[in-house]
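Numbering (our numbering), first residue to last: 31 to 441. Notes follow the structure.
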Amino acid sequence: MPIEILPRSGAPRVLALAQLSNSLGDSAYYVTSALYFTRVVGLSPTQIGLALTIAWAIGSVAGVPLGALADRRGPRGAAVLLALATSASVASFLFIRSFVAFLLAVCLYAVAQCGLAAARQALLAGLVTPAARTGVLAHLQSTLNAGLAVGAALGGLALHHDTPAAYLGVFALDAVSFLLCAVVLLRLPAVAKSAARGKGEPRLAVLRDRPYAVITALNAVLLLRMPLLSLAVPLWVVDRTNAPGWLVSALFVLNTLAVMAFQVRMARGVSGPRTATRAVRASGIVMLASCAVFAFSAAGLEPWLTVAVLVAGAVLQVVAEMQQSAGSWQIGFDLAPAHQVGQYQGFFGTGIPVARTLGPLLLTSLLVVWGVPGWLLLGGMFLAAALATGPAVRWAERTREAAHHRVPADA
31 MPIEILPRSG APRVLALAQL SNSLGDSAYY VTSALYFTRV VGLSPTQIGL
81 ALTIAWAIGS VAGVPLGALA DRRGPRGAAV LLALATSASV ASFLFIRSFV
131 AFLLAVCLYA VAQCGLAAAR QALLAGLVTP AARTGVLAHL QSTLNAGLAV
181 GAALGGLALH HDTPAAYLGV FALDAVSFLL CAVVLLRLPA VAKSAARGKG
231 EPRLAVLRDR PYAVITALNA VLLLRMPLLS LAVPLWVVDR TNAPGWLVSA
281 LFVLNTLAVM AFQVRMARGV SGPRTATRAV RASGIVMLAS CAVFAFSAAG
331 LEPWLTVAVL VAGAVLQVVA EMQQSAGSWQ IGFDLAPAHQ VGQYQGFFGT
381 GIPVARTLGP LLLTSLLVVW GVPGWLLLGG MFLAAALATG PAVRWAERTR
431 EAAHHRVPAD A
């Protein structure tokens, strides 16, 4: 069976091309930005970390009102404007020479990125039938990983040359990639604005939706897998095992290629709340197994056996990642009211910046400091969050059904 990356022609393919354009530029930026701002601009790692923490915290809060704006004004126009804002923020990196300027630029970048993610989800909801959304998102994730792989290679070239001009070229590429993203999004048909709020309906209804908030929090726990592979596993491999250092890069490539090749197939069985919660539950079980295998890699085995154990842990991790992604996509859309997809997706998407902000400190404390017990505790956290997702989804469905039955009586 051939590997499927791009979806079939039509709106899904246009969305995938927009995803490809900005993921390529962003990946090159992520690979090179830290070295540029430390070596060329002269910022300290502490300053960079502080600025990024503040920026993503602000971005996670801004995603909800920007998603609500996309609902009210139309998601295509909002997505185009936010793509242009992201391009402008990246272009400003070309001229930054101080911490304050860096802080302002990354705040704009994080806000625009979080808002763009919510607007694009609302745009997808308006262009793709509910039954097809998870499949399309799987294609978008495969496309994203393809762009990340190419972008990382381009960033590697800039690192190889290690000159200010090479780094600035990467920033220019990223800014152009978001301009191209905006142009591509304009090829999509406009999606109708959502209906006006009903009498007594709050402007940001998602903030009062307790079941959805619980599901979002559980999803944030499951998303700790993101800094796990990018930060915790590399530190573990280098500090606690006798595996060669090059394995860190190999495990990252393995994850990227696996998602690119198999995410679409993994998502095919997910078509509603029941199958979605089963996928999330399975991901928790597999993630627990992955953590146990990673912990075993510190057992003092022969180096080649340690490499085999780490590869096995990474394979289990990426299987869990694809299961969790497919299930969470379906749940996030199914439980969002049709006229409020933007703000609900903006809220659901806060799990990503939360995991990126809090994950590094939590994971380094658990794994680098505690070692093997920390791996087992982390695996238990993944399993607990996955098992709790099913009851939380059923709670959300009951509250929606009760609200639906109350409407005629109150009218």
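Glycine residues also receive a C-beta, built at the ideal position from the N, C-alpha and C atoms.
Going by DSSP, H191 is part of the alpha helix (DSSP H) stretching over 163–191. DSSP places R127 in the coil class of the three-state scheme, outside both helix and strand. Relative to R233, the option among L265, E431, D101 whose CA is nearest is D101. Between the segment 369–382 and the segment 313–321 there are fewer than three C-beta pairs closer than 8 Å, too few to call the two in contact. CA-to-CA, the gap between F129 and Q77 works out to about 7 Å. R298 and Q360 have their C-alpha atoms roughly 11 Å apart. By the CB criterion at 9 Å, A273 and S327 fall inside the cutoff.
Between the segment 94–112 and the segment 148–160 there are three or more C-beta pairs closer than 8 Å, enough to call the two in contact. C137 and R386 have their C-alpha atoms spaced approximately 15 Å apart. Counting other Cβ atoms within 10 Å of its Cβ, G185 reaches 16 or more and is therefore classed as buried. The three-state secondary structure of L277, taken from DSSP, is helix.
Residues V348 of the same chain have their beta carbon placed closer than 7 Å to that of A288, with the five preceding and five following residues left out of the count. Going by DSSP, W400 is part of no alpha helix (DSSP H) at all; its letter is neither H nor E. The residue from A113, R240, S172 with its alpha-carbon nearest to that of L210 is A113.
Its chain contains L174, G177, L178 as the residues whose beta carbon lies nearer than 6 Å to that of S53, once the 5 sequence neighbours on both sides are disregarded; these appear in chain order.
For R127, the CB contacts under 7 Å within the same chain, skipping 5 residues up- and downstream, are V71 in chain order. Under the Cβ criterion (8 Å, minimum of three pairs), the segment 140–150 counts as touching the segment 86–95.
Each residue's CA atom was taken as its position, placing W425 and L365 some 11 Å apart. Residue environment: V268 is assigned as exposed (fewer than 16 neighbouring CB atoms within 10 Å of its CB, all protein chains considered).
Counting other Cβ atoms within 10 Å of its Cβ, S358 reaches 16 or more and is therefore classed as buried. Contact check for V221 and L157: beta-carbon distance about 6 Å, within the 8 Å limit, so the pair qualifies. With contacts defined as CB atoms closer than 9 Å, A416 and A312 qualify as a contacting pair. If you draw a 10 Å sphere on the C-beta of A81, you find 16 or more other C-beta atoms in it, and that means buried. Between Q370 and V236, the beta carbon gap of about 7 Å places them in contact (Cβ cut-off 8 Å).
The Cβ atoms of L393 and L406 do not sit closer than 9 Å to each other.
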